[in-house]
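Engineer: Under full-length UniProt numbering, the first residue of the sequence shown carries the number 1, and numbering increases by one thereafter.
One structure is given below, represented as structure tokens, and several questions about it will come after.
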Amino acid sequence: METVYDFNVKKTNGELKSLKDFQGQPLIIVNTASKCGFTPQFKGLQELYEKYKDQGLEILGFPCDQFNNQEFENIDETTQFCQLNFGVSFPMFGKIDVNGDHADPLFSFLKKEKKGILTSNIKWNFTKFLVGRDGKVVERYAPTTEPKKIEADLLKLLG
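Printed below as a string of structure tokens:
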């Protein structure tokens, strides 16, 4: 059975990283954008990360420019923006597509595992997926869901 650990993703420098490196850790995987109305969620994600990283939590951010071009062209601008404005210290990866013919395989898998309310497509930036220590998708959260609202579900995985 396929899990998130079966995928490789591109780091900001273009090198591939195996998600097997995160095996056994609960994950929050999120498509992000630097110039979006939901961008302040970086703060909440970072707070969750700081609170639970010692218990194994990893948050994986994937910049996406598919929704009204709300991401910087240059990935270095994206990472600097996230660090300077929100103190982001969790891993950020290369810019990807989450829908369409060029959708990243990881996000195609995530969408297949947990569909949205009306469609499997991702509606907007900051769609979040909670993944258990076994690499299986536990839950999908809408862009409007604040990171702190994920905490109760996350605690079940950490416990």
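A virtual CB, placed ideally from N, CA and C, is assigned to each residue, including glycine.
Note that the coordinates shown come from a computational prediction; the quantities given were computed from them, not determined experimentally.
Whole-angstrom Cβ separation of L57 and Y49, contact assumed at under 8 Å?
Structural biologist: In the sequence shown, residue 57 corresponds to position 57, counting from 1. In the sequence shown, residue 49 corresponds to position 49, counting from 1. Right, the Cβ-Cβ distance comes to about 6 Å (below 8 Å), so this counts as a contact.
Engineer: Is it the case that the region 60 to 74 contacts the region 26 to 34, given that we only count it when at least three CB pairs across the two stretches are under 8 Å?
Structural biologist: The region 26 to 34, when compared against the region 60 to 74, does touch it at the 8 Å Cβ threshold.
Engineer: From V137 to F109, what distance separates their C-alpha atoms?
Structural biologist: Within the sequence shown, numbered from 1, the residue matching residue 137 stands at position 137. Within the sequence shown, numbered from 1, the residue matching residue 109 stands at position 109. Those two C-alpha atoms are separated by around 9 Å.
Engineer: Among residues of its own chain, excluding the 5 on either side of E113, which ones have a beta-carbon nearer than 6 Å to its beta-carbon?
Structural biologist: One-based indexing of the sequence shown puts residue 113 at position 113. The answer, listed in chain order, is V137.
Engineer: Tell me whether V88 sits in a helix, a strand or coil according to DSSP, three-state version.
Structural biologist: The residue given as residue 88 occupies position 88 in the sequence shown. Three-state result, V88: coil.
Engineer: To the nearest angstrom, report how far apart F126 and V9 are at their CA atoms.
Structural biologist: The residue you call residue 126 lines up with position 126 of the sequence shown. The residue you call residue 9 lines up with position 9 of the sequence shown. Their backbone Cα atoms lie some 18 Å apart in a straight line.
Engineer: Would you check if the distance between the CB atom of L106 and the CB atom of F22 is smaller than 7 Å?
Structural biologist: Taking the sequence shown and counting its residues from 1, the one referred to as residue 106 is at position 106. Taking the sequence shown and counting its residues from 1, the one referred to as residue 22 is at position 22. The answer is no: Cβ separation not under 7 Å.
Engineer: So E71 is in the alpha helix (DSSP H); what residue range does that whole segment cover?
Structural biologist: Counted from its first residue, the sequence shown places residue 71 at position 71. Unbroken run through E71: none, as it is neither H nor E.
Engineer: Run through the UniProt domain "Thioredoxin" (1 to 159) for me and flag every whole alpha helix (DSSP H) of 4 or more residues, listed as ranges in chain order.
Structural biologist: With a minimum length of 4 residues, the continuous alpha helix (DSSP H) runs that stay inside the UniProt domain "Thioredoxin" (1 to 159) are 41 to 52, 75 to 86, 105 to 113, 151 to 158.
Engineer: Which one of T119, G116, N68, G132 has the shortest CA to CA distance from K156?
Structural biologist: Your numbering for residue 156 matches position 156 in the sequence shown. If we check each option's Cα against that of K156, G132 comes out closest.
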